[in-house]
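Asks:
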Amino acid sequence: MGLEEKLPDGILLASVEKIVNWTRKSSLWPATFGLACCAIEMMTFGAPRFDSARFGMEVFRPSPRQADLMIVAGRVSQKMAPVLRQIYDQMPDPKWVLAMGVCASSGGMFNNYAIVQGVDHVVPVDMYLPGCPPRPEMLIDAVLKLHHKIMNEPLGPKRAKRLEDQHVELVPSSQKFAR
Amino acid sequence: MTGPENPTDQPAGEVEKATVFSDAPADLPAPKHGMFGVEGSGDTTGFGGLVREPWNPPPAQRPYGGYFDEVVDALAAAYPQFDAAVEKVVVDRGELTLHVAREHVRELAQVLRDDPALRFELLSSVSGVDYLGTRNRLHAVYHLTSMTYRRRVRLEAAVSVEDPHLPSVTAVYPTADWQERETYDMFGIVFDGHPALTRILMPDDWDGFPQRKDYPLGGIPVQYKGATIPPPDERRAYR
Amino acid sequence: MREAPSRQTTEGKVYNVTGGDWEDVLGEIRDDRIVVNFGPQHPSSHGVLRLVFELEGETVTDCRPVIGYLHTGIEKNTEFRTWTQGVTFLTRADYLSSFFNETVYCLGVEQLLGVEAPARAQLIRVLMMEMNRVSSHWTTIGPTGMELGALTVMTNSMRAREKCLDVFELITGLRMNHAYIRPGGVAQDLPEDAPEKIRDWIKEMQRELAELDRLVGAQPIWVNRLKDVGWLGVDGCIALGITGPLLRAAGLPWDLRKTEPYLGYETFDFEVPTDDRGDSWSRFVVRVAEMHESLKIVEQVLDRLEPGPTMVDDPKVAWPAHLSIGPDGMGNSLEHVQKIMATSMESLIHHFKLVTEGFRVPPGQTYTTVEAPRGVLGAHVVSDGGTRPYRVHFREPSFVNIQCLPALVEGGLLSDVIPCIASVDSLMGGCDR
């Protein structure tokens, strides 16, 4: 990813990595990819009761050029799959994908000709969130787990090699994610 | 027609589909046998011997009841080729269905819309049904609503897969534009005279007509906790 | 000055403009016509709707809607499931008015079966449908505000909708896609505190509607963006098959709850709001008025509720399980389990057969309609005598209503397209199914 590959490895990089990851996760701007029923729950996630602004995510950026996180909310039909891929390609790195709902994760209840059986056939997915539709609280849980994952992401390939045997524990959401 | 006692006598891979209507009294599809649609294994339940005859709704006898007589009489008076156009009148479950010959669909629609005694201004729905097993298996179903008289009527026209052409009613009811496109997309019924008959729900280069009965549902087998479950159209299921 | 590379196509000369070469292009073309693609991924397209515009400056000269980006094959899916399982699929067609999908399908199945849901079940159906109408209209007004730039309207509407979803969760267990209305009646009875909670809800809604009125009722920007935008008269509506708030905003009081009453709507006292302007502002006004009328109906239903069965009597049709909340969530109530395991062999057989095989519906076809928030929703249900539907087709108002978009939009400004789409209020899930 450009600059990160050129950074020297070491203790300095470890702290820089934590700072960079913290900035990335605390203002993770979602791209609007709301398709069906899950989109409505995603809208309520941005709405007052389940406020996404407290996570820095209230700006649902329609333009993929300005978005970090693509929340694929809803069933992806065969006609929509190329559009999905194009939007994903237009997003600049670093980017993450959250497959919201069972239809995005695996095709859901629609095991038929018209629905792509899981968006991981089209884009690489970082977090799967089952539910039909998942409650906004479940979406918050998925987002927080994604934050945790982002916090532990290695910065650049040198760090990735150093950390490749480490495993990120996804703690249950009953524990606080304060940092 | 006697059916096999044992479902394994049926040819492998061929699933019998039931049909409801027929075009001529002699052309009835095969009756359905068995309860589970099981092929290739022994059926010890005894339900394999069940035989269900297909349903052929009888033509309605006069008086039809309600406003149906008025509608049919007004249509017969307004449309001179009524006897050639309307092949069968069915009154079932409180609804009037006119089975029409395909050449007359557009003119019938025009008469139904314009005649002052009929005034079916609103075309509620154009859709298709695939009665697999009959000669003219693709049925286009038109639901008309008269807002003036608060009445409903259903027109049904049947075409075959080899010659699936029907005249389009878009000139009479502009709302049929997209609905006929959807019927074409899903069933392959070609509406002649339609301004732009292209696929509407499926991608433009899709092959096949999904809603036909011989088009598979298209699912994939699902793995769950070590077991694999076949997609819904290939599972063993009750009929 | 760079040169813009160009090539000839069937549509004419196409330029590849990369920057700094705009004068190049303008010098050659005589008309300012450009083709713009709007969607399917777009914040204002109300779902995955794609519009292809030909623009001359800011004026739209041609508009072609492209749909099908959410086609799910729901209708084909129902052919491989039992009649009751079909409800779970069809409820997700028009996912904001899920109770209407369920009801119209169940009315069709019941007409084929020749049964009628008991009185209490009918009242509960009316109750859920009217509450759904309110929540669906909130979800129309919210994104309308968001797309016009009035974000507070969006947050207020979502907040109001949350209160509706609280009541839905109390009664059905789910916030959306409930699968609550089943052939024969409803899945389970109302909980004891439901009438009281619903009465509180009515007061909340009246407060929210009053706040909406104070916020945008006379707000000059809101009014000017919606007034005289996207006009469609009664003749255009009927020719294009448009029903619902668009037809009523054009002046014709066509509401199936009054003209072809179902589920006892003829016994309720409510008005059908209409307006005579036929533009986006009228549609907004009609929707808000409909919400008020729905609240009236809900109140009347609550006054009329009598204890009674919520499922039809026929044990070969009625959904067998009585659900209740247990230590591990919602499931069959203990009384029901005791009955089928200990007391009545017949009940066990019925339960087993109904859940695995499903009931058989005598062959035939029906077309039933209800007045959904978006227009007339029709279900053409065909049975061949089996346990699975032979064909279910939904005449979705969303599908038919998008056809009027070119008529609303052509000749107007590009910025008027947004309130037009919002006022047509098509839900892509219903449109594409």
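Chains as they are written, first to last, in this note's numbering: chain H, 18 to 196; chain A, -19 to 219; chain R, 90 to 522. All C-beta atoms in this analysis are idealised placements derived from N, C-alpha and C, irrespective of residue type, glycine included.
(1) Pull up the distance between the alpha-carbon of A206(R) and that of L86(H), whole angstroms please.
(2) Under the rule that 16 or more other beta-carbon atoms within 10 Å means buried, what is V401(R), buried or exposed?
(3) Quick check on the DSSP output: what are the complete alpha helix (DSSP H) runs of length 4 or more inside the region 116 to 182 of chain A, in order along the chain?
(4) Which bits of chain R does Y130(H) rub up against, with CB to CB less than 9 angstroms?
(5) Name the DSSP bridge partner or partners of D182(H)?
(6) Can you tell me which of the three DSSP states K286(R) falls into?
(7) Can you list the residues of chain A that Q95(H) reaches, using a CB-CB cut of under 9 angstroms?
(8) Return the Cβ separation of T77(A) and P9(A) in integer angstroms, given the expectation that the two are a contact with Cβ distance under 8 angstroms.
(9) Are the beta-carbon atoms of T457(R) and L202(R) separated by less than 8 angstroms?
(10) Of the residues L263(R), S515(R), A239(R) and D289(R), which one's Cα is nearest the Cα of P309(R)?
(11) Comparing the C-beta of R32(A) with each C-beta of chain R, is any distance below 8 angstroms?
(12) On the criterion of 16 or more Cβ atoms from any shown chain inside 10 Å, does Q103(H) qualify as buried, or is it exposed?
(13) Would you verify that the beta carbon of P79(H) is, or is not, closer than 8 angstroms to some beta carbon of chain R?
(14) For a cutoff of 8 angstroms on Cβ pairs, would you count W408(R) as touching chain A?
(15) Using the three-state DSSP reduction, which class does K165(R) fall into: helix, strand or coil?
(16) Examine the Cβ distances between the region 38 to 51 of chain A and the region 61 to 73 of chain A and report whether three or more of them are shorter than 8 angstroms.
(17) So what does DSSP say about F67(H), is it helix, strand or coil?
(18) For a cutoff of 8 angstroms on Cβ pairs, would you count D150(R) as touching chain A?
(19) Assign Q454(R) to one of three DSSP states: helix, strand, or coil.
(20) If we define contact as Cβ-Cβ less than 8 angstroms, is Q134(H) a contact residue for chain A?
(21) Where A48(H) and G188(A) are concerned, what is the direct C-alpha to C-alpha distance, given to the nearest angstrom?
(22) What do you get for A207(A), buried or exposed, if any count of 16 or more other CB atoms within 10 angstroms of its CB means buried?
(23) What do you get for L502(R), buried or exposed, if any count of 16 or more other CB atoms within 10 angstroms of its CB means buried?
(24) Between E100(R) and V124(R), what straight-line distance do the alpha-carbon atoms span, to the nearest angstrom?
(25) Within the chosen definition, does the region 504 to 520 of chain R reach the region 357 to 372 of chain R through at least 3 CB pairs nearer than 8 angstroms?
(26) Taking contact to mean 3 or more Cβ pairs, one atom from each stretch, closer than 8 angstroms, check whether the region 214 to 224 of chain R and the region 426 to 441 of chain R are in contact.
(27) Given F167(A), which residues of its chain have a CB within under 7 angstroms of its CB, disregarding the five upstream and five downstream residues?
(28) Determine the closest residue to S413(R) out of T261(R), V459(R), V155(R) and L144(R), with distance taken between C-alpha atoms.
(29) Run the CB neighbour count on T128(A), radius 10 Å, all protein chains shown included, and call it buried at 16 or more, exposed below.
(30) Three or more C-beta pairs under 8 angstroms: does that hold for the region 92 to 100 of chain H against the region 125 to 134 of chain H?
(31) Going along chain H, which residues have a C-beta under 8 angstroms from L197(A)?
(32) For E214(A), which residues from the same chain have a beta carbon less than 7 angstroms from its beta carbon, with the 5 sequence-adjacent residues on both sides left out?
(33) Kindly indicate the opening and closing residues of the alpha helix (DSSP H) around Y194(R).
(34) Spell out whether any CB of chain H is found under 8 angstroms from the CB atom of A217(A).
(35) Is it buried or exposed, Y269(R), if we count other Cβ atoms within 10 angstroms and call 16 or more buried?
(36) Taking the alpha carbon of T348(R) as the point to measure from, which residue in V141(R), L179(R) and V459(R) has its own alpha carbon closest?
Replies: Short version:
(1) So the two alpha carbons sit approximately 47 angstroms from each other.
(2) Classification for V401(R): buried.
(3) 156 to 167
(4) G162 and K165
(5) Beta-bridge pairing links D182(H) to no other residue.
(6) helix
(7) M182, P183 and W186
(8) Between P9(A) and T77(A) the Cβ distance is about 19 angstroms, and since that is not below 8 angstroms, they are no contact.
(9) no
(10) A239(R)
(11) yes
(12) Around the CB of Q103(H), fewer than 16 other CB atoms lie within 10 Å, so the residue is classed as exposed.
(13) yes
(14) no
(15) If DSSP states are grouped into helix, strand and coil, K165(R) belongs with the helices.
(16) yes
(17) coil
(18) In the sequence on display, residue 150(R) carries Thr and not Asp. Contacts with chain A at 8 angstroms (Cβ-Cβ) do not include T150(R).
(19) strand
(20) yes
(21) 34 angstroms
(22) exposed
(23) exposed
(24) 11 angstroms
(25) With the cut-off at 8 angstroms, the region 504 to 520 of chain R and the region 357 to 372 of chain R touch.
(26) Judged by Cβ distances under 8 angstroms, the region 214 to 224 of chain R makes no contact with the region 426 to 441 of chain R, as fewer than three pairs qualify.
(27) Sequence-distant Cβ neighbours of F167(A) in its own chain, meaning closer than 7 angstroms and more than five residues away, are G108, D110, L118, F189, Q191 and R192.
(28) T261(R)
(29) exposed
(30) Yes: at least three Cβ pairs fall under 8 angstroms.
(31) Here the neighbours are N128, N129 and Y130.
(32) none
(33) S187 to L202
(34) no
(35) Label assigned to Y269(R): buried.
(36) V459(R)
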